[in-house]
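The sequence shown begins at 10 in the numbering used here and counts up one residue at a time. Glycine included, C-beta positions come from ideal geometry on N, C-alpha and C. In what follows, a structure is listed as structure tokens, so that the remarks can point back to it.
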Amino acid sequence: MSAAETTEVQLVNLTIDGQEVQARPGQTILEAAQAAGIEIPTLCHDPRLEPYGACRMCLVEVEGARGPMASCGTAVREGMKVQTRSEKIIKIRKFVLALLLTNHPLDCPVCEAAGDCRLQDYAYEYLVDMVPWGWRGPVVGDPGTHPNIAHFGERCILCGRCVRICREVMSIGCWGYLNRGYESEVDTPYRLPLQEVGCVSCGQCVSTCPVGAIVGQRTPQGAREWQTEKTVTTCSYCADGCRLVLHSYRGKVVRVASEVEKGVNRGNLCVKGRFGIGYADAPDRITKPLVRNAVGEMAEASWDEALALVRARLAAARAEKGGSGIAAICGTHCTNEAAYLAQKLMRTVLSSNNIDSIDHGEQAASEEALKRALGVAATTNSRKDLCAAEVILVVGANLTECDPVLALDVIKAMRTGKTVIVIDPRTTELAEKAQYHLAVKPGTDPAALRGMLRHILDEGLQNADFIATQTEGFSEVEISLANVDVAAEAAICGVDADVLKAAAGAFGRAGAAAIMYGSGVAQGSNAVDTIAAIVDLALLTGNLGRPGTGLYPLKSGANSQGLVDMGVRPSTLPGGVPLDDEEGLARLEACWGSAPTGNPAGLSAGEMVEALEKDKIDVLYVIGADPALALADEARVRAALNKTGFLIVQESFPSDTAEYADVILPAAVACEDEGTFTNTERFVQRVRPAVSPQGESRPDWEIVQSLANALGAGWSYASPSDVMEEISAVVPDYAGVSFADLEDEGRQWPLADSDVCRESILHSDRSDGKVAFQPVATGGAPSAVDADFAFTLLTGCVREHHATGVRTRRSPGSTNLVAEARLQLNPADADRLGVAAGDKVRVAARGGATLETSVEITTRVPEGVVFLPGFDPAAPVTRLLAGRELGAPAVKVEKVA
Ligand code: SF4
Ligand code: SF4
Ligand code: SF4
Ligand code: FES
Numbered sequence: 010m011s012a013a014e015t016t017e018v019q020l021v022n023l024t025i026d027g028q029e030v031q032a033r034p035g036q037t038i039l040e041a042a043q044a045a046g047i048e049i050p051t052l053c054h055d056p057r058l059e060p061y062g063a064c065r066m067c068l069v070e071v072e073g074a075r076g077p078m079a080s081c082g083t084a085v086r087e088g089m090k091v092q093t094r095s096e097k098i099i100k101i102r103k104f105v106l107a108l109l110l111t112n113h114p115l116d117c118p119v120c121e122a123a124g125d126c127r128l129q130d131y132a133y134e135y136l137v138d139m140v141p142w143g144w145r146g147p148v149v150g151d152p153g154t155h156p157n158i159a160h161f162g163e164r165c166i167l168c169g170r171c172v173r174i175c176r177e178v179m180s181i182g183c184w185g186y187l188n189r190g191y192e193s194e195v196d197t198p199y200r201l202p203l204q205e206v207g208c209v210s211c212g213q214c215v216s217t218c219p220v221g222a223i224v225g226q227r228t229p230q231g232a233r234e235w236q237t238e239k240t241v242t243t244c245s246y247c248a249d250g251c252r253l254v255l256h257s258y259r260g261k262v263v264r265v266a267s268e269v270e271k272g273v274n275r276g277n278l279c280v281k282g283r284f285g286i287g288y289a290d291a292p293d294r295i296t297k298p299l300v301r302n303a304v305g306e307m308a309e310a311s312w313d314e315a316l317a318l319v320r321a322r323l324a325a326a327r328a329e330k331g332g333s334g335i336a337a338i339c340g341t342h343c344t345n346e347a348a349y350l351a352q353k354l355m356r357t358v359l360s361s362n363n364i365d366s367i368d369h370g371e372q373a374a375s376e377e378a379l380k381r382a383l384g385v386a387a388t389t390n391s392r393k394d395l396c397a398a399e400v401i402l403v404v405g406a407n408l409t410e411c412d413p414v415l416a417l418d419v420i421k422a423m424r425t426g427k428t429v430i431v432i433d434p435r436t437t438e439l440a441e442k443a444q445y446h447l448a449v450k451p452g453t454d455p456a457a458l459r460g461m462l463r464h465i466l467d468e469g470l471q472n473a474d475f476i477a478t479q480t481e482g483f484s485e486v487e488i489s490l491a492n493v494d495v496a497a498e499a500a501i502c503g504v505d506a507d508v509l510k511a512a513a514g515a516f517g518r519a520g521a522a523a524i525m526y527g528s529g530v531a532q533g534s535n536a537v538d539t540i541a542a543i544v545d546l547a548l549l550t551g552n553l554g555r556p557g558t559g560l561y562p563l564k565s566g567a568n569s570q571g572l573v574d575m576g577v578r579p580s581t582l583p584g585g586v587p588l589d590d591e592e593g594l595a596r597l598e599a600c601w602g603s604a605p606t607g608n609p610a611g612l613s614a615g616e617m618v619e620a621l622e623k624d625k626i627d628v629l630y631v632i633g634a635d636p637a638l639a640l641a642d643e644a645r646v647r648a649a650l651n652k653t654g655f656l657i658v659q660e661s662f663p664s665d666t667a668e669y670a671d672v673i674l675p676a677a678v679a680c681e682d683e684g685t686f687t688n689t690e691r692f693v694q695r696v697r698p699a700v701s702p703q704g705e706s707r708p709d710w711e712i713v714q715s716l717a718n719a720l721g722a723g724w725s726y727a728s729p730s731d732v733m734e735e736i737s738a739v740v741p742d743y744a745g746v747s748f749a750d751l752e753d754e755g756r757q758w759p760l761a762d763s764d765v766c767r768e769s770i771l772h773s774d775r776s777d778g779k780v781a782f783q784p785v786a787t788g789g790a791p792s793a794v795d796a797d798f799a800f801t802l803l804t805g806c807v808r809e810h811h812a813t814g815v816r817t818r819r820s821p822g823s824t825n826l827v828a829e830a831r832l833q834l835n836p837a838d839a840d841r842l843g844v845a846a847g848d849k850v851r852v853a854a855r856g857g858a859t860l861e862t863s864v865e866i867t868t869r870v871p872e873g874v875v876f877l878p879g880f881d882p883a884a885p886v887t888r889l890l891a892g893r894e895l896g897a898p899a900v901k902v903e904k905v906a
């Protein structure tokens, strides 16, 4: 307990087993004991869940109480005297265990949980070696048909944890009780397969089951708990930054687990994090350098040969065009260390600012609007602050699929009575549960937000004090909203004006309200306006700089935030420093020993395509990204990659981009790599290798260093830790961070003043300047559909796959659930088109691009809107996106005969 805590709250004094203990008011005896290092056995307890009191293993004696009490559900009291291991208590525990074991098949030799089973551990610890009513013999159980999750109901001890985690944490409810008394069982409704009862395959029930009743399906690579090495690392998929424990055996990761109460995810994971690791052992892993030979085929080469060729081509390009002829794109799972070195290579050795991240396009509007208004393009608060929010507004973000673990905090907030407002054309899972769903027409988010702003002003709900003391530019916004009519804005965006007003009123009246927005916002033709209106909403109501308030721009990849921080942007240096910032340039020059390339700014990833078309770039270096599928206008991007003078692809798999490569440098995957990721909340967390890189593949940071040294840089980083040491010296927000410092838990930047900043809320101290309102001139416009091109196409992610699916498509844990992208179509539209679920349709864009895909019929999309995720190269949605700047495109959908 920290010194601050002891002074701020009146702590409760009690004794447990004769030991004097202090606890916070409201803590349970179990929590107080655990904090004091006193172990009390539990079976039905999981800190992620409300106390339940079903198993009675945690009974303790409390002096003066009439009988033993469940420590998991009894709050501490001043002066309490607790005995956790009295003779009576031990006897009760033995009795409880004997009862459980009577009905529990003793099939430990074949049980997946053996060695990781509380019942087994306690039976051994409490010497329950004889059950008076006889043992129950082994039962040949049926694991069920879920690809990742096995259910052996006969091993169930009815602790109810799976029932509660699926209901309380996931807000779903796949498990429930059947029958009564001795016949009680836990199963799905009507014993249906999990896949048919709304299961999202998160594996949370696997993580909580204390025995082997719900476990991961056996895989050929299975290994016992005690056989595996455990490595704590950070998930490399989405930007939530979940802490994982990788179990490895004989050089392979065989299982992914989590630590309850640790990491930003507190033990929760989603389907990708828990089951999406199989890609590491995909049969098509690239494990040797490959070089295109004289007949145009990729042939194996040594590292020396590959690096010599790359060196020669880079040197030639630099000699011919200078740095402007070279460009680099980083993927979102590049570690901070690899990303930092990549931009340093570009900005010093190769004299080029042409470096960008693959996801910059969807982040650009947000970065621009946030920098203009607040000076910093990052999430202002943390997810733990969400519990202090009275209202959470979610704009254009499908949280439960794109940020599945972050979504759990919003779901929890909703469960505890907080109001959630969703602005989204689709009826996402969150929208379905939210108090207010403003199902706007695609592209009209600014109208909904302007309507909200106007209504808040009409009702006098603005925070006048905050506006007067901490903002600037309010009068311009007031003028821009002067003639705005709420009903007219509601009509533009196609929502009921009364619902819009009610949502605005709820937001405006909240003592603390937070706003999250996601990639859906970037699909509007007016993303900058939308985000400006979002910022205005926060400022108008004074929702900035306090717990429960703030802006959460959601990012798409594990290190999306880190790439910005490391300077993987064409116009900013590490730390977000502008290219003409003399102090920043001097700091880098002092550290690097040579000046980084200053102005002019380099090219963004999108602009690189045009430069490739015009032969302005001779060498493109792609690190862990797949522009062939990720960038809008697939045909154009592929043509540009095809004509690239020299394409270096640093990858672990033959991605679609790798098809055009001249050299492929085999990269280690995340479970073989070391470094850090910075998550969407600005937490810098360790990435650790659980196994060695396969074959001759190498970690990204090491490859970049080899390349730099081949070009004469003379770098001598012995490890990623060395690179972080340099980052902490040149990136002010990372000052003071080191691998040793991150050993136990991640740290949130700004890190300079560690104790204070561990709780950091950006903009809580505005002594350095005011935050700026930005007028929003228009309410946006829906896409230009017509009789032929009658549908608006939206895209985004699905929970089983990430980005272009290079890794999840190679993970059986994902593909066995969702193998192909399907076009979501409203039932009324399906009727009109005469298509049934699973039928093939052709989707055509106005420019002539077409693709064929099968159909999923769902009310999640409204009439006139279709949705296609981006992970499937057989139906590449980017083919239909001729230019995101024009907003969501209108497309034609027709049945394939
Ligand atoms: S995997 Fe997740 S959604 Fe499915 S039953 Fe278990 S907890 Fe519920
Ligand atoms: S299946 Fe596991 S978690 Fe669920 S009630 Fe049974 S023992 Fe508890
Ligand atoms: S994909 Fe995202 S939500 Fe899922 S485990 Fe990984 S970091 Fe967490
Ligand atoms: S852990 Fe307390 S009753 Fe089960």
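Enclosing beta strand (DSSP E) for E403 [first to last residue]: Numbered from its first residue, the sequence shown carries residue 403 at position 394. Note on residue identity: the sequence assigns Val, not Glu, to residue 403. Residues V400 to V404.
Spatial neighbours of A496 within its chain, please: C-beta separation below 7 Å, excluding the five flanking residues on both sides. Here residue 496 refers to the residue found at position 487 of the sequence shown. Hits under 7 Å: A506.
Closest by C-alpha distance to A637, when choosing among L629, Y630, V628 and R647: One-based indexing of the sequence shown puts residue 637 at position 628. Residue R647 is the option with its Cα nearest to A637.
With A348 as the anchor, note down where its alpha helix (DSSP H) starts and where it stops. Taking the first residue of the sequence shown as position 1, residue 348 is located at position 339. Here the alpha helix (DSSP H) through A348 covers N345 to K353.
So, at 6 Å on beta carbons, what are the nonlocal neighbours of D55 in its own chain, with the 5 sequence-adjacent residues on each side left out? Translated into the one-based positions of the sequence shown, residue 55 becomes position 46. Counting only Cβ-Cβ distances below 6 Å, and skipping sequence neighbours, we find R170 and T217.
Rank L354, E87 and Y258 by C-alpha distance to the C-alpha of S715 and give the top, closest one. For the purposes of this step, residue 715 is taken as the residue at position 706 of the sequence shown. Of the candidates L354, E87 and Y258, the one whose C-alpha sits nearest the C-alpha of S715 is L354.
Does the distance from the CB of R695 to the CB of E410 come in under 8 Å? If you number the sequence shown from 1, residue 695 lands on position 686. If you number the sequence shown from 1, residue 410 lands on position 401. Against a cut-off of 8 Å, the Cβ pair of E410 and R695 comes out as no contact.
For D196, name the three-state secondary structure that DSSP assigns. By 1-based counting over the sequence shown, the position of residue 196 is 187. Here D196 sits in strand by DSSP.
Inter-residue Cα distance where the pair is V18 and E268: Counted from its first residue, the sequence shown places residue 18 at position 9. Counted from its first residue, the sequence shown places residue 268 at position 259. About 28 Å.
List the residues that DSSP assigns as beta-bridge partners of H342. Counted from its first residue, the sequence shown places residue 342 at position 333. The partner list for H342 (beta bridge, DSSP) is empty, contrary to what the question assumes.
With a 10 Å radius around its C-beta and 16 neighbouring C-beta atoms as the bar for buried, classify C247 as buried or exposed. Counting from 1 along the sequence shown, the entry for residue 247 is found at position 238. Buried: at least 16 other Cβ atoms inside 10 Å.
Beta-carbon spacing of R463, V504 below 8 Å: Here the question's residue 463 lines up with position 454 in the sequence shown. Here the question's residue 504 lines up with position 495 in the sequence shown. Not in contact: R463 and V504 (Cβ atoms no closer than 8 Å).
Enumerate in chain order the residues of its own chain whose CB-to-CB distance from L860 is below 6 Å, with the five nearest sequence positions on each side excluded. Numbered from its first residue, the sequence shown carries residue 860 at position 851. V852, A884 and R888.
Taking the continuous beta strand (DSSP E) assigned at Y526, which residues delimit it? Working through the sequence shown from its first residue, we reach residue 526 at position 517. Here the beta strand (DSSP E) through Y526 covers A522 to Y526.
Can you give me the C-alpha to C-alpha distance between V827 and T93, rounded to a whole angstrom? Your numbering for residue 827 matches position 818 in the sequence shown. Your numbering for residue 93 matches position 84 in the sequence shown. Cα to Cα, V827 sits roughly 48 Å from T93.
Looking at C-alpha atoms only, which residue of N835, Q783, M307 and W601 is the closest neighbour of G3? Because the chain spans 10 through 906 in this model, residue 3 falls outside it and cannot be assessed.
Whole-angstrom C-beta distance between A719 and C339, which should lie under 8 Å: Here residue 339 refers to the residue found at position 330 when the sequence shown is read from its first residue. Here residue 719 refers to the residue found at position 710 when the sequence shown is read from its first residue. With a Cβ gap of about 19 Å, C339 and A719 do not count as contacting.
May I have the straight-line CA-CA distance separating I488 from P675, to the nearest angstrom? Here residue 488 corresponds to residue number 479 of the sequence shown, with the count starting at 1. Here residue 675 corresponds to residue number 666 of the sequence shown, with the count starting at 1. Roughly 57 Å between the two C-alpha positions.
Please say whether L110 and A699 have beta carbons closer to each other than 8 Å? Within the sequence shown, residue 699 is the residue found at index 690, counting from 1. Within the sequence shown, residue 110 is the residue found at index 101, counting from 1. Cβ distance not < 8 Å, so A699 and L110 don't count as in contact.
Could you give the DSSP three-state label for H160: helix, strand or coil? Translated into the one-based positions of the sequence shown, residue 160 becomes position 151. Three-state result, H160: strand.
With distances taken between CB atoms, is the gap from L402 to I476 smaller than 8 Å? Taking the sequence shown and counting its residues from 1, one reaches residue 402 at position 393. Taking the sequence shown and counting its residues from 1, one reaches residue 476 at position 467. No, the Cβ-Cβ distance between L402 and I476 is not below 8 Å.
According to DSSP, is M66 helix, strand or coil? Counting from 1 along the sequence shown, the entry for residue 66 is found at position 57. Coil, per DSSP.
Using 7 Å as the cut-off, classify the Cβ of V304 as near or not near the heavy atoms of ligand 2, replying yes or no. Reading the sequence shown from its first residue, position 295 is the one you call residue 304. V304: no, Cβ never under 7 Å from ligand 2.
Hey, how far is the Cα of M10 from the Cα of I540? To locate residue 10, count along the sequence shown from 1; it is residue 1. To locate residue 540, count along the sequence shown from 1; it is residue 531. Low local confidence applies: a pLDDT of 48 at M10 is under 50, so the model's placement there is unreliable, and no value is given.
Taking Cβ to Cβ, would you say L612 is nearer than 8 Å to T653? For the purposes of this step, residue 612 is identified with residue 603 of the sequence shown, where counting begins at 1. For the purposes of this step, residue 653 is identified with residue 644 of the sequence shown, where counting begins at 1. Contact flag unset, no.
In angstroms with no decimal places, state the Cα-to-Cα distance between T480 and E441. Taking the first residue of the sequence shown as 1, we reach residue 480 at position 471. Taking the first residue of the sequence shown as 1, we reach residue 441 at position 432. Computed Cα separation, rounded: 35 Å.
Could you name the residues of the same chain whose beta carbon sits closer than 7 Å to that of K297, not counting the 5 residues immediately before and after it, in chain order? As a position in the sequence shown, residue 297 is number 288, starting the count at 1. Result list for K297: E309, P675, G704 and E705, in chain order.
Buried/exposed call for N608, threshold 16 Cβ in 10 Å: On the sequence shown, position 599 is the one that residue 608 refers to. Burial call: exposed.
Do G225 and E121 have their beta-carbon atoms positioned less than 8 Å apart in this structure? The residue you call residue 121 lines up with position 112 of the sequence shown. The residue you call residue 225 lines up with position 216 of the sequence shown. Contact: yes.
Heavy atom of ligand 2 less than 7 Å from the Cβ of P937, yes or no? Given a span of 10 to 906 for the chain in the structure shown, any question on residue 937 remains unanswerable.
If you measure from the beta carbon of I49 to each beta carbon in chain B, is any gap under 8 Å? As a matter of chain content, chain B is missing from the structure shown, which is built from one protein chain.
Inspect the CB distances between the stretch 357-364 and the stretch 512-527 and report whether three or more fall short of 8 Å. no
Just the C-alpha distance for D138 and G260, rounded to the nearest angstrom, thanks. Reading the sequence shown from its first residue, position 129 is the one you call residue 138. Reading the sequence shown from its first residue, position 251 is the one you call residue 260. So the two alpha carbons sit approximately 37 Å from each other.
What is the residue span of the beta strand (DSSP E) that F686 lies within? Working through the sequence shown from its first residue, we reach residue 686 at position 677. Here the beta strand (DSSP E) through F686 covers G684 to T687.
How far does the beta strand (DSSP E) with Q694 in it reach, from first residue to last? As a working mapping, residue 694 is identified with position 685 in the sequence shown. Here the beta strand (DSSP E) through Q694 covers F692 to V696.
Specify which residues have a beta carbon nearer than 6 Å to any heavy atom of ligand 3, listing them in chain order. C244, Y246, C247, D249, G250, C251, N274, L278, C279, K281, G282, P413 and V414
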